[in-house]
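Report on one structure; see the data block that follows.
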Amino acid sequence: MAARGRRRRGGRDPRGRSDHHRPAPPLLVEHVRRLLDRLRLLRTDRRRRRPESRHGGAAVATADRPLRVHGPGPAVRGEPRPHRGVPDLGRPSGAGAVVLRIPDTLPARPLAGYRILVGLVAGAKALELGVSPLLGTRAGPLFGVGPVLPAPVWLALGAVMGLAALALVVGWNARVAALVVGSCTAGFVWGAGYYSNHTYLLFTVAVLLSFTDSDAAWSVRSWRDQGTGRVWAAPVLVLRAQITIVYVYAALSKIRPDFLSGNGLASWAWDSVLVPSAVLIPLFLVPMAFGAVLAELFVAFGLWSSRLRPVAVVAGLGLHLGMIVMLSDGVHAAVELGLFATLTCGGYLLFVDRVPVVDGLTGPVVVPQQRRSEPALPSTVTRR
Numbered sequence: 008m009a010a011r012g013r014r015r016r017g018g019r020d021p022r023g024r025s026d027h028h029r030p031a032p033p034l035l036v037e038h039v040r041r042l043l044d045r046l047r048l049l050r051t052d053r054r055r056r057r058p059e060s061r062h063g064g065a066a067v068a069t070a071d072r073p074l075r076v077h078g079p080g081p082a083v084r085g086e087p088r089p090h091r092g093v094p095d096l097g098r099p100s101g102a103g104a105v106v107l108r109i110p111d112t113l114p115a116r117p118l119a120g121y122r123i124l125v126g127l128v129a130g131a132k133a134l135e136l137g138v139s140p141l142l143g144t145r146a147g148p149l150f151g152v153g154p155v156l157p158a159p160v161w162l163a164l165g166a167v168m169g170l171a172a173l174a175l176v177v178g179w180n181a182r183v184a185a186l187v188v189g190s191c192t193a194g195f196v197w198g199a200g201y202y203s204n205h206t207y208l209l210f211t212v213a214v215l216l217s218f219t220d221s222d223a224a225w226s227v228r229s230w231r232d233q234g235t236g237r238v239w240a241a242p243v244l245v246l247r248a249q250i251t252i253v254y255v256y257a258a259l260s261k262i263r264p265d266f267l268s269g270n271g272l273a274s275w276a277w278d279s280v281l282v283p284s285a286v287l288i289p290l291f292l293v294p295m296a297f298g299a300v301l302a303e304l305f306v307a308f309g310l311w312s313s314r315l316r317p318v319a320v321v322a323g324l325g326l327h328l329g330m331i332v333m334l335s336d337g338v339h340a341a342v343e344l345g346l347f348a349t350l351t352c353g354g355y356l357l358f359v360d361r362v363p364v365v366d367g368l369t370g371p372v373v374v375p376q377q378r379r380s381e382p383a384l385p386s387t388v389t390r391r
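Okay, structure coming up:
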């Protein structure tokens, strides 16, 4: 009793130790250890279950990220996750290492969409180039080397090109059709002398399309259940590079005093029926000239970045719309610029890396997050 009294009054036990230095009961230590272990397991489990999505805390099933749904109803499956369609230059894989990842495959539908656009442009050019000799436009070799062929020859070549363009649109033997379109376009350019920037671009992309599996989707082949969801990435990346080269070349060709001073835009827009003469002054023309060069460079490289791509698409569309407005001195010029815009802006589809696909439907499918305290998820999902 005396010892207890001394401990209560002085705060020490008979061994001379204070109360806060007394060892904790073994049972309490065991409870704390179990609690820490459980918190550690929960943290690890949350990291594993955390969805890699930007849709505000909702798990999204896409073609390259399968989503497992626990509960009644069929599971929503996707294709195996491929590499990114854009080279990943900023993700370290070790001490000071940088990974450059080039995809093996890419979605088939964006390529199929561009194939259709190229086919439509080829059909329009086949009609224009085929009837041009009949409308008085002289047809002769580009450099004066070769015979001068009569107008019916070019009309027949235009008919062949038109049929190939139709086959390219519907996706029937797309490789051969693209090669025929490219060959006929080269015949018009070199044999008839009908050269223009968009005609040369049509020849280039048609030849490059002949190396791709562009009829894997939205084609006769896919309607026969012989299509695929993904295609070989290498020729698609070459097509991407071609779109970039177009914008880089256009920007570099404008970096000269005559254009940056506004004289080039003034001479181009002088005969435009859509531009008022009040804006053809250096106060407006000089900023527009610098803006055009910067916009073309930004579009050329911004399309390769998933973060900058939406802004680059808007900038590219605005750039081509401005070209149509400023350079159109009539209906024919507006159509020509529109065809060029279709070939270039349509190429933006080639930069699409992932296409959400769930049960044959496109678009992201959003499934709410399931907590452990909640019942199993229903079998229905909502489509965004």
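Residues 8 to 391, numbered by the numbering used here, are exactly what the sequence shown covers, in order. We treat Cβ as the ideally placed atom computed from N, Cα and C, and that holds for glycine.
Practice problem: For the alpha helix (DSSP H) containing Val243, list its first residue and its last residue. | Solution: Ala240 to Lys261
Quiz item: Val212 and Val125: beta carbons closer than 8 Å?
Solution: yes
Quiz item: Looking only at DSSP bridge pairs, what is Gly114 linked to?
Solution: A quick correction: the sequence has Pro, not Gly, at residue 114. Beta-bridge pairing links Pro114 to Arg237.
Practice problem: Measure the C-alpha to C-alpha separation of Leu304 and Tyr256 and round it to an integer number of angstroms. | Solution: 9 Å
Quiz item: Do you know how far the Cα of Val342 is from the Cα of Ala248?
Solution: 25 Å
Practice problem: Using only alpha-carbon positions, find the residue among Val332, Thr112, Asn270 and Gly198 that is nearest to Ala223. | Solution: Thr112
Self-check item: Cβ shell of Leu326 (< 8 Å), same chain only, five flanking positions each side left out
Solution: Ala299, Ala302, Glu303 and Val306
Quiz prompt | Close-in-space but distant-in-sequence residues of the same chain around Phe291 (CB under 7 Å, 5 per side omitted) | solution = none
Quiz item: When the Cα of Leu209 is compared with those of Ile123, Leu310, Ser313 and Val282, which residue comes out closest?
Solution: Ile123
Quiz prompt | Alpha carbon of Ala319 to alpha carbon of Val39, nearest angstrom | solution = 55 Å
Quiz prompt | Nearest residue (CA-CA) to Phe218, options Gly200, Thr351, Val155 and Leu118 | solution = Leu118
Quiz prompt | DSSP three-state assignment for Ile109, whether helix, strand or coil | solution = coil
Quiz item: Sorted by chain position, which residues of the same chain lie with C-beta nearer than 6 Å to Ala296's C-beta, five sequence neighbours on each side aside?
Solution: Phe266, Leu267, Gly269 and Leu272
Quiz item: Under a three-way DSSP split, which group does Arg14 fall into?
Solution: Low per-residue confidence applies at Arg14: pLDDT is 45, beneath 50, and the placement is therefore not dependable enough to give any value.
Quiz item: Taking C-alpha atoms, which residue in Leu215, Val167, Ala276 and Arg263 lies nearest to Gly194?
Solution: Val167
Exercise. Quick one: grab the DSSP three-state call for Pro148.
Key: coil
Self-check item: Leu350 - DSSP class collapsed to helix/strand/coil
Solution: helix
Exercise. Take Pro242 as the anchor and find which of Ile109, Ala171, Asn180 and Leu42 has the nearest alpha-carbon.
Key: Ile109
Quiz item: Gly329 lies in the alpha helix (DSSP H); which residues open and close that run?
Solution: Arg316 to Leu334
Quiz prompt | 8 Å Cβ cutoff met for Ala185 and Gly165 | solution = no
Self-check item: Separation of Leu156 from Ser190, as counted between CA atoms
Solution: 17 Å
Practice problem: Indicate the three-state DSSP secondary structure (helix, strand or coil) for Phe291 in the structure shown. | Solution: helix
Practice problem: Find out if the Cβ-Cβ distance for the pair Val253, Thr351 is shorter than 8 Å. | Solution: yes
Quiz item: Should His35 be labelled buried (16 or more other beta-carbon atoms within 10 Å of its own) or exposed?
Solution: His is not the amino acid found at residue 35; the sequence shown has Leu there. Exposed.
Quiz item: Would you call the CB atoms of Leu334 and Ser279 closer than 8 Å?
Solution: yes
Quiz item: Skipping 5 residues on each side, what residues in its chain have a beta carbon closer than 7 Å to that of Ala172?
Solution: Gly126, Ala129, Gly130, Ala133 and Val188
Quiz item: Which same chain residues, not among the five before or five after Gly309, have their C-beta less than 7 Å away from its C-beta?
Solution: Leu315, Arg316, Val318 and Ala319
Quiz prompt | Beta-carbon proximity of Arg228 to Gly178, cut-off 8 Å | solution = yes
Quiz item: How would you write the range of the alpha helix (DSSP H) that Phe266 sits in, first residue to last?
Solution: Pro264 to Leu267
Quiz item: What's the gap between the Cα of Glu135 and the Cα of Gly198?
Solution: 15 Å
Self-check item: Alpha-carbon spacing of Leu357 relative to Asp44, whole angstroms
Solution: 49 Å
Quiz prompt | Exposure label - Phe347; buried when at least 16 CB within 10 Å | solution = buried
Quiz item: With distances taken from CA atoms, which of Ser260, Val238, Ile331 and Ser313 is nearest Val282?
Solution: Ile331
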